[in-house]
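J.:
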Amino acid sequence: MQIDDSQPRPPYNLHDAKVDAPRKTKVVFVQHSLPRAGGAEQVLYDLISRLDQQTIEPVLCCLYELGELGQRLKDSGCKTHEHLVTQKLDPRNIGRIAKILKQENADILYVTDAFHNMVVGRLAAYFAGTTKTVLAFHSFDTVLRDGDKMPFARRLVQGSADRMLHPTYHRVIALAEGHKEYLASTKKIAEEKIAVVHNGIDHHRFCVTRDKSEARTKLGLPTDKQIVGIVAALRPWKSHDKFLESASKIAKEAPNTLFLIAGQGKERENLVTLTKKLGLEKNVQFMGQVSDVPTFLQSLDISVLTSFHEAFPLSLLESMSSGLPVVSTDVGSVNEIIDDSVTGYLVPFGDTDLFAQKVVSLLQNGELAKQLGDAGRKKVEDMFTVDHMVHRMETIFHDLVASDRESR
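See below:
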């Protein structure tokens with residue numbers, strides 16, 4: 001199937017659909033909730049809101065409340081269901097979702113890799129007789145990431161359920177080629193079932209349209225300093241402690257540098273304590289949850305990411321789309337986003353000396369910083385836009401339905 005990626009598609013609006021159009025492919029999306037919380041939620045919102053309303057009808061089922069992004073979809077005309085779970089282990093939860101799948105006459109069930117979504121959704125599809133199922137992974141492995149905090153019994157149950165249910169999905173979505181290889185080797189999913197769909201962003205939002213000093217004035221930031229920033233929720237695997245350790249080394253070489261942390265989470269208190277311990281109170285500013293990310297990014301000179309666990313982070317795509325040079329730890333599939341020394345710098349996790357060295361080199365060489373930033377922006381525009389992502393998923397949905405019809 002040939003897809004035309006040349007023209008961006010406007011957001012989904014159910015009221016624009018033609019009444020006399022042929023039957024659409026109905027896709028039911030099962031998700032815990034859709035708050036404005038992180039990259040995975042934004043990706044799902046962008047996907048649902050931009051599907052071709054002439055050929056695909058999405059239905060959003062939230063196990064709990066809709067959340068801010070879910071409410072936006074509802075307000076735009078997308079059919080939604082919420083509060084489908086009363087108690088987490090109640091088997092009736094499966095029946096509620098199966099009932100919706102039957103009522104909607106769903107062609108495809110789409111679930112993300114959160115354990116509860118995956119189990120409840122797949123069993124509901126089985127009992128409802130839903131023809132095709134799609135499992136989308138937004139991370140490498142929650143057990144790998146959180147396993148040291150999980151009770152042994154939970155790790156055992158989750159691992160067993162993963163091995164039993166993952167292979168039963170008709171299509172599994174990986175975020176990158178490295179992610180696909182990981183899923184095939186560790187989850188024992190047949191490679192022919194795995195399709196790669198890169199995360200994409202609305203790059204038009206992050207075009208360089210505002211002067212840096214104007215952005216800083218709007219945010220109340222100094223115009224006479226160099227600014228290095230990180231956009232990431234304050235969660236353990238984002239490793240903001242490594243950002244602060246790097247910052248202490250950068251500040252010795254470039255004392256006129258301000259370090260901004262955009263995001264909120266449970267790690268804030270620990271990070272504030274570490275900031276004081278490192279003597280960085282005057283150099284580090286905690287911004288909290290930033291609502292206007294494009295303006296925040298426009299205020300920076302360099303954007304960084306210090307995670308020990310990532311799949312395909314949107315924050316890097318957004319930073320690169322803003323024309324910023326980026327420095328990131330070489331984890332997950334980040335090396336499919338950043339071409340080292342071409343569109344940014346990759347550093348082994350934990351090497352704060354090298355991380356600081358790369359940042360300082362960009363602070364001291366504006367021409368190099370611009371060169372990497374320009375190359376990064378072009379790569380995002382060529383490969384990682386939301387339209388590329390949506391068109392790829394539409395093709396997968398249509399192919400699944402077509403293969404089902406051919407088999408009858």
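With full-length UniProt numbering applied, the sequence shown corresponds to residues 1 to 408, in that order. By construction, the Cβ of each residue, glycine as well, lies at the ideal position given by its N, Cα and C atoms. Computed from a predicted model, the values in this text were never measured in an experiment.
Starting from V27, trace the beta strand (DSSP E) in both directions and tell me its first and last residue.
T.: Segment T25 to Q31, the beta strand (DSSP E) holding V27.
J.: Count the other C-beta atoms from every protein chain shown that fall within 10 angstroms of the C-beta of P167, then say buried if there are 16 or more, exposed otherwise.
T.: Its Cβ having fewer than 16 others within 10 Å, P167 is exposed.
J.: Can you confirm whether the stretch 280-287 touches the stretch 249-267 when touching is taken to mean that 3 or more C-beta pairs between the two stretches lie within less than 8 Å?
T.: Counting Cβ pairs under 8 Å, three or more are found: they touch.
J.: Of the choices P58, R268, T55 and Y64, whose alpha-carbon is the least far from that of L34?
T.: Checking every option, the nearest Cα to that of L34 belongs to Y64.
J.: Across which residues does DSSP place D340 in a beta bridge pair?
T.: Looking at the DSSP assignment, D340 forms a beta bridge with G344.
J.: Is the CB-CB distance between E245 and V360 below 9 Å?
T.: Against a cut-off of 9 Å, the Cβ pair of V360 and E245 comes out as no contact.
J.: Sorted by chain position, which residues of the same chain lie with C-beta nearer than 7 Å to A124's C-beta, five sequence neighbours on each side aside?
T.: Contacts found: I94, I97, A98 and L101.
J.: What's the C-alpha gap between G220 and V290?
T.: So the alpha carbons of these two residues sit roughly 13 Å apart.
J.: So, with DSSP's three-state summary, where would you put P294?
T.: It is helical.
J.: Just list the residues that DSSP pairs K79 with in beta bridges.
T.: Answer is V59.
J.: Are there 16 or more other CB atoms within 10 angstroms of the CB of N270, so buried, or fewer, so exposed?
T.: Exposed, by the Cβ-count rule.
J.: For E394, does the count of other Cβ atoms within 10 angstroms reach 16, so buried, or fall short, so exposed?
T.: Buried, because 16 or more other Cβ atoms sit within 10 Å of the Cβ of E394.
J.: Can you give me the C-alpha to C-alpha distance between E181 and K282, rounded to a whole angstrom?
T.: Near 44 Å, if we compare the C-alpha coordinates of K282 and E181.
J.: Note down, in chain order, each residue of its chain lying with its Cβ closer than 7 Å to the Cβ of T130, except the 5 sequence neighbours on either side.
T.: Within the same chain, T130 has close Cβ partners L101, A106 and L109.
J.: Can you list, in chain order, the residues of its chain whose CB lies under 6 Å from that of L57, leaving out five sequence neighbours each side?
T.: Per the sequence shown, residue 57 should be read as Glu rather than Leu. Once the five neighbours on either side are set aside, the close Cβ partners of E57 are K24 and K26.
J.: For the pair the stretch 218-232 and the stretch 181-200, tell me if three or more CB-CB distances fall below 8 Å.
T.: These segments do not touch.
J.: Where DSSP assigns a beta bridge to S49, which residues make up the other side?
T.: In the DSSP output, where bridge partners are listed per residue, S49 has none listed.
J.: Applying the criterion that 16 or more other CB atoms from any shown protein chain within 10 Å of the CB defines a buried residue, is K266 buried or exposed?
T.: Per the 10 Å Cβ criterion, exposed.
J.: Here's the rule I'm using: 16 or more other beta-carbon atoms within 10 Å means buried, otherwise exposed. How should T133 be labelled?
T.: With 16 or more Cβ atoms within 10 Å of its Cβ, T133 is classed as buried.
J.: What do you get for A40, buried or exposed, if any count of 16 or more other CB atoms within 10 angstroms of its CB means buried?
T.: Label assigned to A40: buried.
J.: If L274 sits next to D241, beta carbons under 8 Å apart, how far is it from one beta carbon to the other, in whole angstroms?
T.: Their Cβ separation, rounded to whole angstroms, is 6 Å, which keeps L274 and D241 in contact under 8 Å.
J.: Which residue or residues does DSSP assign as beta-bridge partners of V284?
T.: DSSP, once it has assigned bridges, lists F259 as partnering V284.
J.: Drop a sphere of 10 angstroms on the beta-carbon of D113, count the other beta-carbons inside from all chains shown, and report buried for 16 or more, exposed for fewer.
T.: When all chains shown are included, D113 counts as buried.
J.: Are A311 and F115 closer than 9 Å when you measure CB to CB?
T.: No. Outside cutoff.
J.: With H, G and I counted as helix, E and B as strand and the rest as coil, what does DSSP make of Q42?
T.: If DSSP states are grouped into helix, strand and coil, Q42 belongs with the helices.
J.: By Cβ distance, which residues of its chain are closer than 7 Å to L324, with the 5 residues on each side in sequence left out?
T.: Excluding positions up to five away in sequence, the list reads L297, L300, I302, S303 and G373.
J.: In its own chain, which residues sit with a C-beta less than 6 Å from the C-beta of T306, not counting the 5 before and 5 after it?
T.: Excluding residues within five positions, the ones whose Cβ falls inside 6 Å are S239, K242, F243 and T329.
J.: Pick helix, strand or coil for L135, following the three-state DSSP scheme.
T.: Residue state, collapsed to three classes: strand.
J.: Mind checking who S333 pairs with in its DSSP beta bridge?
T.: Partner(s): none; S333 has no beta bridge.
J.: Between which two residues does the alpha helix (DSSP H) holding T112 run?
T.: It is not in any alpha helix (DSSP H) - T112 instead sits in the beta strand (DSSP E) that spans I108 to T112.
J.: Under 8 Å by Cβ, that's how I've got residue 414 and G38 pegged, so tell me the actual separation to the nearest angstrom.
T.: The displayed coordinates of the chain run from 1 to 408. Any statement about residue 414 would go beyond what the structure contains.
J.: Which full runs of the beta strand (DSSP E) of 3+ residues lie inside the stretch 183-256, going along the chain?
T.: Runs of the beta strand (DSSP E) inside the stretch 183-256: 194-196 and 226-231.
J.: Taking just the CA atoms, how far does A215 sit from F127?
T.: Distance between the alpha carbons of F127 and A215 is about 53 Å.
J.: Rounding to the nearest angstrom, what Cα-Cα distance links G366 and L346 in this structure?
T.: Answer to the nearest angstrom: the Cα atoms are 19 Å apart.
J.: When the Cα of D90 is compared with those of Q71, V119 and Q103, which residue comes out closest?
T.: Cα-wise, what sits closest to D90 is V119.
J.: Quick one: residues in its chain with C-beta nearer than 6 Å to the C-beta of V208, no 5 flanking neighbours on either side, listed in chain order?
T.: Counting only Cβ-Cβ distances below 6 Å, and skipping sequence neighbours, we find G323.
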